[in-house]
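A.B. asks:
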Amino acid sequence: MLPASTRTRAWCLTSEGAQLTRDFPALRGRLPYPITSATAASLKTPHTLTSVRTHLAFVADARRRGDEHGHLDWTAEASRPLSDGERLITDAVMHYTLIEAAERTKLRAFVEVDRATMSSERLASKLIEYARLWSYEPQPIGQPRSRHPTASGPVWLRWYPVFPRVLIVLTGATRYVLDNRINDLQAMAAEHPHVGALARQVPLGAAILQDLEDQGPTSNVWVPLGGGTPRSWTAL
Numbered sequence: 565m566l567p568a569s570t571r572t573r574a575w576c577l578t579s580e581g582a583q584l585t586r587d588f589p590a591l592r593g594r595l596p597y598p599i600t601s602a603t604a605a606s607l608k609t610p611h612t613l614t615s616v617r618t619h620l621a622f623v624a625d626a627r628r629r630g631d632e633h634g635h636l637d638w639t640a641e642a643s644r645p646l647s648d649g650e651r652l653i654t655d656a657v658m659h660y661t662l663i664e665a666a667e668r669t670k671l672r673a674f675v676e677v678d679r680a681t682m683s684s685e686r687l688a689s690k691l692i693e694y695a696r697l698w699s700y701e702p703q704p705i706g707q708p709r710s711r712h713p714t715a716s717g718p719v720w721l722r723w724y725p726v727f728p729r730v731l732i733v734l735t736g737a738t739r740y741v742l743d744n745r746i747n748d749l750q751a752m753a754a755e756h757p758h759v760g761a762l763a764r765q766v767p768l769g770a771a772i773l774q775d776l777e778d779q780g781p782t783s784n785v786w787v788p789l790g791g792g793t794p795r796s797w798t799a800l
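Mapping the sequence shown onto this note's numbering, position 22 (from 1) lands on 586, and the numbers just tick up by one.
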C-alpha cells in the first residue's frame with residue numbers, strides 16, 4: 565500500500581501473494597508481476613491506475629449496452645515474441661463480446677495507455693513493434709531465415725484467430741497536445757511501409773481517455789490511424 569492518506573491508495577501483490585494466487589483458476593497462465601519495493605510501487609502505480617480507468621470505461625459501456633466484458637477479459641502486460649529475441653509487452657489484451665440482436669461477435673484488442681510521459685516519436689514507434697508482431701513468422705530451428713511463409717504461419721496465431729486491433733488511449737496532457745500525438749500516430753501509419761501495411765489489414769485507433777469516460781468507448785471518439793472520421797472502436 566502506498567502510504568498517503570490524502571491520495572488514491574493502491575494495494576500491490578507481494579512475492580508471497582503472487583505465490584498464493586498463481587494457481588487460482590482465473591489466473592492460470594498469467595505471469596505474476598510482484599512489486600518488490602515502495603519505490604517500485606510509486607513508479608508503477610500511476611500507469612497501472614490509468615490502465616484500470618481505461619478498463620472500467622469499457623466495463624461500464626458493456627454493461628450499458630448489454631455486451632460481455634468483465635474483469636477476466638483484461639490481461640495486463642501481455643508479452644509476445646518478436647524477431648531477434650525481442651518481445652513486445654502490451655499494456656493490456658482486451659477480450660470483448662459485442663451483442664447485437666441475436667448475433668455475438670468476439671473482438672480482441674491490444675491496448676496501449678499513453679500518459680504523455682514519453683516523446684511523441686517514441687509513442688508512434690510502438691506501432692512498428694505491432695507491425696513486427698503482425699508479420700513475424702518464426703523459422704524452424706536449424707533452418708536459415710526465408711522470405712517465404714512457413715507452414716506454421718505468423719506467431720500470433722498461437723493466441724488469436726484474428727490479429728487483435730490496436731487501441732491507443734491518451735491522457736496526461738492538454739487536448740491540444742494529445743491531438744498532436746494522435747496526428748503523429750497517423751503520420752507513422754502513413755509514412756512507415758510496415759505500419760501502413762498493418763493499418764490496411766488491422767483496425768488501428770486512438771482516443772482520449774476523458775472522452776471514453778464521458779461518452780463511452782462505443783461513441784465516435786476513436787480516430788482511425790489509417791485515415792477517416794472519428795468512430796466507435798468497434799467500427800474502426
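We put the beta carbon where it would ideally sit given N, CA and C, even for glycine.
State the beta-bridge partners of V677 as determined by DSSP.
C.D. replies: Taking the sequence shown and counting its residues from 1, the one referred to as residue 677 is at position 113. According to DSSP, V677 bridges with V733.
A.B. asks: Start and end of the beta strand (DSSP E) containing H758?
C.D. replies: As a position in the sequence shown, residue 758 is number 194, starting the count at 1. Premise fails: H758 lies in the alpha helix (DSSP H), P757 to Q765, not in any beta strand (DSSP E).
A.B. asks: Assuming T585 is part of the beta strand (DSSP E), what are its boundary residues?
C.D. replies: As a working note, residue 585 is residue 21 in the sequence shown. No beta strand (DSSP E) holds T585; the alpha helix (DSSP H) holding it covers S579 to T585.
A.B. asks: Take L734 as the anchor and find which of T614, R629, H756 and G760 has the nearest alpha-carbon.
C.D. replies: Counting from 1 along the sequence shown, the entry for residue 734 is found at position 170. Per the Cα distances, T614.
A.B. asks: Measure from the alpha carbon of A656 to the alpha carbon of each residue in L646, D648, A680 and F622, then state which is nearest.
C.D. replies: Here residue 656 is taken as the residue at index 92 of the sequence shown, counted from 1. Of the listed residues, the one whose Cα sits closest to A656 is F622.
A.B. asks: Would you please state the rounded distance, in angstroms, between the beta carbons of L776 and L789? I believe it to be under 8 Å.
C.D. replies: Numbered from 1 along the sequence shown, position 212 holds the residue referred to as residue 776. Numbered from 1 along the sequence shown, position 225 holds the residue referred to as residue 789. About 17 Å separates the two Cβ atoms, so there is no contact after all.
A.B. asks: DSSP puts R651 in a beta bridge; with which residues?
C.D. replies: Residue 651 sits at position 87 when you count from the first residue of the sequence shown. BP columns for R651 point to P645.
A.B. asks: Roughly how many angstroms lie between the CA atoms of E701 and R573, to the nearest whole one?
C.D. replies: If you number the sequence shown from 1, residue 701 lands on position 137. If you number the sequence shown from 1, residue 573 lands on position 9. Each residue's Cα considered, the two are about 43 Å apart.
A.B. asks: In terms of alpha-carbon separation, which member of R679, R592 and Q765 lies closest to A771?
C.D. replies: By one-based count along the sequence shown, residue 771 stands at place 207. For A771, the nearest C-alpha among the options comes from R679.
A.B. asks: Just grab the DSSP bridge partners of P728 for me.
C.D. replies: On the sequence shown, residue 728 is found 164 positions in, with the first residue counted as 1. DSSP output for P728 lists no bridge partner at all.
A.B. asks: Tell me which same chain residues have a C-beta within less than 6 Å of the C-beta of T681, skipping the five on either side of it?
C.D. replies: The residue given as residue 681 occupies position 117 in the sequence shown. If we look at T681 and ignore the five residues flanking it on each side, it has no Cβ neighbours.
A.B. asks: Assign M540 to one of three DSSP states: helix, strand, or coil.
C.D. replies: Residue 540 lies beyond the stretch modelled for the chain, which goes from 565 to 800, so this question has no answer here.
A.B. asks: What do you get for E693, buried or exposed, if any count of 16 or more other CB atoms within 10 angstroms of its CB means buried?
C.D. replies: Numbered from its first residue, the sequence shown carries residue 693 at position 129. The residue is buried, with at least 16 neighbouring Cβ atoms inside 10 Å.
A.B. asks: So, helix, strand or coil for S783, using DSSP?
C.D. replies: Taking the first residue of the sequence shown as 1, we reach residue 783 at position 219. Coil at S783, not helix or strand.
A.B. asks: How long is the line joining the alpha carbons of T714 and D648, rounded to whole angstroms?
C.D. replies: Translated into positions along the sequence shown, residue 714 becomes position 150. Translated into positions along the sequence shown, residue 648 becomes position 84. Model confidence at T714 stands at a pLDDT of 49, short of 50, so the residue's coordinates are unreliable; what they give is reported in the following sentence. The straight-line gap from Cα to Cα measures roughly 17 Å.
A.B. asks: Give the single residue among L773, G792, Q779 and R729 whose Cα lies nearest to the Cα of L762.
C.D. replies: By 1-based counting over the sequence shown, the position of residue 762 is 198. Looking at the Cα atoms, R729 is the closest of the given residues.
A.B. asks: When you compare only the Cα positions, how much space is there between A666 and V616?
C.D. replies: Along the sequence shown, one-based indexing puts residue 666 at 102. Along the sequence shown, one-based indexing puts residue 616 at 52. Cα-Cα distance, rounded: 30 Å.
A.B. asks: Run the CB neighbour count on I519, radius 10 Å, all protein chains shown included, and call it buried at 16 or more, exposed below.
C.D. replies: With the chain represented from 565 up to 800, any question about residue 519 goes unanswered, as that position is not in the structure.
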